[in-house]
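Each remark here refers to the structure printed beneath this line.
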Amino acid sequence: TAEMPSKDEL
Amino acid sequence: MNIFRLAGDLSHLAAIIVLLLKIWKTRSCAGISGKSQILFALVFTTRYLDLFTNFISPYNTVMKMIYLGCAYATVYLIYMKFKATYDGNHDTFRAEFLVVPVGGLAFLVNHEFSPLEILWTFSIYLESVAILPQLFMISKTGEAETITTHYLFALGMYRALYLINWIWRYYFENFFDLIAIVAGCVQTILYCDFFYLYITKVLQGKKLSLPA
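One line per chain: the protein sequences are D and W, in this order. Our numbering puts the first residue of the first sequence at 351, with every later residue one more than the last. Our numbering puts the first residue of the second sequence at 21, with every later residue one more than the last.
Printed below as a string of structure tokens:
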């Protein structure tokens, strides 16, 4: 599981 | 996009619009913490700077613009148009006690040490505690109008639904963002006491008032 920023979320 | 995420976004939108309509229809912002609303405007402003740098989807762009527009409209109504009805004497939470530590934390714990990333992290941390002035105000006056409690409930539901969304994304998309998840848990926990009062009082048709 890779951690990545959730920029698609509001 | 999953159903929990969509429901969360719509719940958030409903909360923002309920608050705007309440103020507009009653021509009054009594019982509403202007400080919480300024903090939310700051949250959206620092988080949605990526509107200028990268495009994700029409849905994403439109929702961000609506959230931003509504947040500023709410602040305008409280501090300008219906300023006379603003209950500043009870809105005494010291917002700098939230903004300063949260700013420091965003500098220390982030995904990447760049201006946009730090501002995004700041907005995530700040959102988790931005409702505190409002909850403090209710605990101080000991009561809240029913419509205000609907607003708070919709706002809390948005966060709870996002938590389910993250569990979903972890299982089905192998996706997780620790900063968002920890801040989201903190934010949801802050609402638990309120959820209890909402279910045991407001949904039974009683006004939300706290024991003296």
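Think of the CB as a built atom: it goes at the ideal place given N, C-alpha and C, for glycine as much as any other residue. As the structure is a computational prediction, the values presented were derived from the model and not from experiment.
Looking only at its own chain, which residues have a Cβ that is under 7 Å from the Cβ of residue i, when we skip the five neighbours before and after it?
i	result
glycine 123 of chain W	Phe142
leucine 71 of chain W	Thr81 and Lys84
isoleucine 23 of chain W	none
isoleucine 184 of chain W	Phe24
glutamine 207 of chain W	Glu147, Ser148 and Arg179
valine 63 of chain W	Ser143, Leu146, Glu147 and Ala150
valine 222 of chain W	Thr166, Thr169 and Leu228
tyrosine 68 of chain W	Lys84 and Leu88
methionine 100 of chain W	none
Round the Cβ separation of residue i and residue j to the nearest angstrom and send it over; I've been treating them as touching at under 8 Å.
i	j	result
alanine 150 of chain W	leucine 59 of chain W	4 Å
tyrosine 145 of chain W	alanine 126 of chain W	6 Å
alanine 61 of chain W	valine 95 of chain W	5 Å
tyrosine 182 of chain W	glycine 28 of chain W	5 Å
tryptophan 44 of chain W	leucine 97 of chain W	7 Å
tyrosine 87 of chain W	leucine 360 of chain D	7 Å
Beta-carbon within less than 8 Å of residue i's beta-carbon, same chain only, minus the 5 sequence neighbours each way: which residues are those?
i	result
serine 159 of chain W	Leu230
valine 129 of chain W	Thr141 and Ile199
arginine 47 of chain W	Phe102 and Thr105
isoleucine 152 of chain W	For the sequence presented, residue 152 of chain W should be read as leucine rather than isoleucine. Around leucine 152 of chain W: Ser56, Phe113, Leu118 and Leu210.
threonine 66 of chain W	Leu139, Trp140, Phe142, Ser143 and Leu146
Less than 6 Å between C-beta atoms, sequence neighbours within five positions excluded: which residues of the same chain meet that for residue i?
i	result
histidine 32 of chain W	Tyr178
glutamine 154 of chain W	Ser53 and Ser56
tyrosine 218 of chain W	Thr169 and Phe173
tryptophan 186 of chain W	Ile201
leucine 175 of chain W	Ala35
arginine 189 of chain W	Phe195
Decide if residue i is buried, meaning its Cβ has at least 16 other Cβ atoms within 10 Å, or exposed.
i	result
glutamate 132 of chain W	exposed
threonine 351 of chain D	The pLDDT assigned to threonine 351 of chain D is 40, lower than 50, so where the model puts this residue is not dependable; a value taken from the coordinates is nonetheless given after this. Threonine 351 of chain D should be labelled exposed.
serine 134 of chain W	exposed
threonine 168 of chain W	buried
methionine 157 of chain W	buried
glycine 89 of chain W	exposed
valine 120 of chain W	exposed
glutamate 193 of chain W	exposed
threonine 220 of chain W	exposed
aspartate 197 of chain W	buried
Is it the case that the stretch 106-121 of chain W contacts the stretch 77-88 of chain W, given that we only count it when at least three CB pairs across the two stretches are under 8 Å? no
Could you say if the stretch 23-42 of chain W and the stretch 128-143 of chain W meet the contact criterion of at least three C-beta pairs nearer than 8 Å? no
Near-chain D residues of the stretch 82-112 of chain W (beta-carbon distance less than 9 Å), N- to C-terminal order: Met83, Lys84 and Tyr87
Mind listing which residues of the stretch 62-77 of chain W have their C-beta closer than 7 Å to chain D's C-betas, in chain order? Asp70 and Ile76
Can you find at least 3 beta carbon pairs, one from the stretch 164-173 of chain W and one from the stretch 214-231 of chain W, that sit closer than 8 Å? yes
So if I threshold CB-CB distances at 7 Å, which residues from the stretch 199-222 of chain W count as touching chain D? Ala200
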